[in-house]
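Taking it in order: structure first as structure tokens, then the write-up.
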Amino acid sequence: MKNTIRDRIKANKSKQSSQNYMEIIMPKVFLLMASISILVTAGIIYTLMRETVMFFSEVSFTEFITGTEWYPFFGNDPSYGIWPLLSGTFTIALIAMLVAIPIGLAAAIYLSEYASDEKRKVLKPVLEVLAGVPTVVYGLFALTFVTPLLQTFMNDLPIFNALSPGIVVGIMIIPQITSLSQEAMNAVPQSIRDGAYALGATRLEVALKIVIPGSFSGIVSSLVLGLSRAIGETMIVSTAAGSTPNLGFTPTESIQTMTSYIVQVSMGDATFGSTIYYSIYAVGMTLFVFTLTMNILANHVSRRYREVY
Amino acid sequence: MKNKIVSPNEKQISRRITKNKLARGVFFTGTLFGMVVLAALLIRIFTQGIGYLDFEFLTNFASRRPEDAGIKAAIMGTVWIMSITIPVSLILGVGTSIYLEEYAPKNKLTRFIELNLANLAGVPSVVFGLLGLTVFVRLLEMGRSILAGGLTMSLLILPVIVVASKEAIRSIPQEQYEAAYAMGATKWQIIRTVVLPAATPGILTGAILSLSRGVGETASLLMIGAMTFIAYTPTGFLDGFTVLPIQIFSWASRPQAEFQAVAAAGSIVLLIILIVMNSLAILIRNKYSKRY
């Protein structure tokens, strides 16, 4: 047995040196992993940029941002004007926000100001379930339930229209708006509410005059985030809105959004290197710029204009 | 000087109280709306799809006849995709959050990484699809394969896993660190023996929740895998694939009502998988969550 003290010290030292080695190497490994996220963003921007540049070597930039016709599949004379896709996207987003803002905020106010703890414990998880339903199931729901339902009121509503997916996109973003707004409302200190109650205010007055002004930045930022999700939503629109680029606000007609155009082309095996293939990157770039701007805006609003208590 | 006591204006007060009650009703209706829609959705999908849901539905491949159609390829595709996504996204996500919570100095790089992650979480999944299509499918020549799909999915859910893991790590009380430091532990020893064991339930909960988002994710995988007709189970990472949501979408976009019913049957299976995953997450959270 070599169990002399000298051996032990030796063993201990070699153990320690391997430990020191780990101390030096692990932070670098973790930094490397953290850098991957930057790499992903760089990758997104690089791929979008590169292929978008290819697109604009074939289609003029002015045509893309001013053109009012989007007919990429017209063999001899395709036209690439982004406006019909933008108007389709914003038609969906507008309908969605019309549904989601009143309902989402009403639910947020109820959960934050009116509901008892027990009620909140039941209601909040149900809303979270609503947030967990996959978008493709929402799409099926829009196509086979909401559209026929709307058709009983509006006889000449076509199967593919903007109204039904718009409403369903709105339903999809309700949980997000509700939970983010409610979080903002919760941050308003109870003491201020109690002050108002002591002066005889009703719950409604407290909600409208104290809680909402106090959490306004958080509410606005939740709405902007919701809008950004509505713009980026893909499957509901691809399933139920059809694929007809349509300029103007036409909720009762088939439309095409930026996202559903990208899906349509990438599914249809567009020849690699064709103008149509590059066009999805130009559209994707536009979509990316829009959603990124909104996310940054939401972040800015919630940080810059926050009431600090 | 008049010293009149203002008598309470009862009319005004009762009006304010009525208003409050009305508003309460309106807000409650708004809250209920979500539940009603959820119920309608579940009932609708269930009644529509139940007729096609039997054992053969799980063991058959997709078919041109709705009564023979099944989701075997789709289920196997989801399993294969997840077998790449789970390790890649977990290792990268947990590594990133350990760096940000334990090592990162408060400098511009750290702030940039955090801001960048927050923005990545808001990028639409089609844009991740474009990234995957260019980088994995074309540039790295993986083709429309499971590997390309799984890696794209990993990047897609990475921000969500990072947020969840960071929260789990942050909830470990400072005293635990101090106790370990007092025993002479080094930073890496603390991470290995204190941080990771304590944060594992939180990380697992967050990871399962984000993976369940991945299971339902359609747009990006649709762009990678395309809507090809797949009547085989994959045998390797470079095979083509289809996953449950893609299969549902491809049935839903057919004009025949029968196929839409088949899509509903697929949706039932998808919803059941998600419910199981979510319950598992809640179970882990309740069983292992410690209050310090």
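Residue numbers (our numbering), protein chains in the order written: chain A, 14 to 322; chain B, 263 to 554.
Glycine is no exception: its CB is placed at the ideal position from the N, C-alpha and C atoms.
Inset, instruction - Could you spell out the range, first to last residue, of the alpha helix (DSSP H) harbouring F166(A)? - result: 160–166
Inset, instruction - Tell me whether the beta-carbon of A527(B) lies closer than 8 Å to the beta-carbon of G311(B). - result: yes
Legend entry - CB of M198(A) within 8 Å of CB of S125(A), strictly: yes
Legend entry - Selection from I465(B), L371(B), S472(B) that minimises the alpha carbon distance to I49(A): L371(B)
Legend entry - Contacts that W450(B) makes with chain A (C-beta to C-beta distance below 7 Å): M35, E36, M39
Inset, instruction - Check whether the Cβ of M263(B) lies closer than 8 Å to any Cβ atom in chain A. - result: For M263(B), the predicted structure reports a pLDDT of 49, less than 50, and the residue's modelled location is therefore unreliable. A value from the coordinates is still provided. No, its Cβ sits nowhere closer than 8 Å to a Cβ of chain A.
Inset, instruction - Return the CA-CA distance between M263(B) and A214(A), expressed in angstroms with no decimal places. - result: Any reading at M263(B) is ruled out, since the residue's pLDDT is 49, under 50, leaving its predicted position unreliable.
Legend entry - Coarse secondary structure for S276(B), derived from DSSP in three states: helix
Inset, instruction - Find the nearest neighbour of A447(B) within the set E64(A), N33(A), K26(A), judged by alpha-carbon distance. - result: N33(A)
Inset, instruction - Mark Y274(A) as exposed unless 16 or more other C-beta atoms lie within 10 angstroms of its C-beta, in which case mark it buried. - result: buried
Inset, instruction - Would you grab the beta carbon distance between Y323(A) and V181(A) for me? Rounded to a whole angstrom, and I think it's under 8 Å. - result: The structure shown has nothing for residue 323(A), since chain A only spans 14 to 322.
Legend entry - alpha helix (DSSP H) segments (min. 4 residues) lying fully within the segment 422–494 of chain B: 436–444, 449–452, 458–478, 481–487
Legend entry - One or two residues paired with S92(A) in a DSSP bridge: Y84(A)
Inset, instruction - Answer with yes or no whether the minimum CB distance from G239(A) to chain B is below 8 Å. - result: no
Inset, instruction - Go ahead and pull the three-state DSSP assignment for M404(B). - result: coil
Legend entry - Contacting residues, own chain, Cβ-Cβ under 6 Å from S256(A) (five flanking each side not counted): Q269, Q277
Inset, instruction - Tell me whether the beta-carbon of E479(B) lies closer than 8 Å to the beta-carbon of M539(B). - result: no
Inset, instruction - Run down chain B in chain order and give the residues with a C-beta less than 8 Å from the C-beta of A120(A). - result: F289, G292, T293, F295, G296
Inset, instruction - Give me the Cα-Cα distance between T65(A) and T284(A), rounded to the nearest whole angstrom. - result: 16 Å
Legend entry - Residues that L458(B) contacts on chain E, provided the C-beta gap is smaller than 7 Å: Although the question refers to chain E, the structure presented lacks it and instead comprises the protein chains A and B.
Inset, instruction - For W96(A), I'd like the list of residues in its chain whose CB is within less than 7 Å of its CB, leaving aside the five on either flank, ordered along the chain. - result: G80, T81, L260
Inset, instruction - Taking F499(B) as the reference, give the member of V341(B), S325(B), G313(B) with the closest Cα. - result: V341(B)
Legend entry - Start and end residues, alpha helix (DSSP H) containing N33(A): 18–69
Inset, instruction - Please decide whether N174(A) counts as near chain B, where near means a Cβ-Cβ distance under 8 Å. - result: no
Inset, instruction - Name the two residues that bound the continuous alpha helix (DSSP H) containing Q189(A). - result: 176–199
Inset, instruction - Express the C-alpha separation of L304(B) and I114(A) in angstroms, rounding to a whole number. - result: 24 Å
Inset, instruction - Pick helix, strand or coil for A324(B), following the three-state DSSP scheme. - result: coil
Inset, instruction - Could you tell me whether the Cβ atoms of N174(A) and A254(A) are closer together than 8 Å? - result: yes
Legend entry - 7 Å Cβ cut-off: residues of chain A touching A525(B): L153
Legend entry - Q522(B) at chain A interface by Cβ criterion, 8 Å: yes
Legend entry - Cut-off 8 Å between Cβ atoms - residues of its own chain near L418(B), not counting five sequence neighbours on either side: S387, F390, G476, E479, S482
Inset, instruction - Determine the direct distance from the alpha carbon of I186(A) to that of L193(A), and round the result to whole angstroms. - result: 11 Å
Legend entry - Beta-carbon separation (whole angstroms), A127(A) vs R206(A), contact threshold 8 Å: The identity of residue 127(A) in the sequence shown is Tyr, whereas the question assumes Ala. No, Y127(A) and R206(A) are not in contact; Cβ-Cβ is about 12 Å, not under 8 Å.
Legend entry - Within chain B, the residues that R216(A) reaches when beta carbons sit closer than 9 Å: N282, A285, R286
Legend entry - Through-space distance from R286(B) to V219(A), alpha-carbon basis: 12 Å
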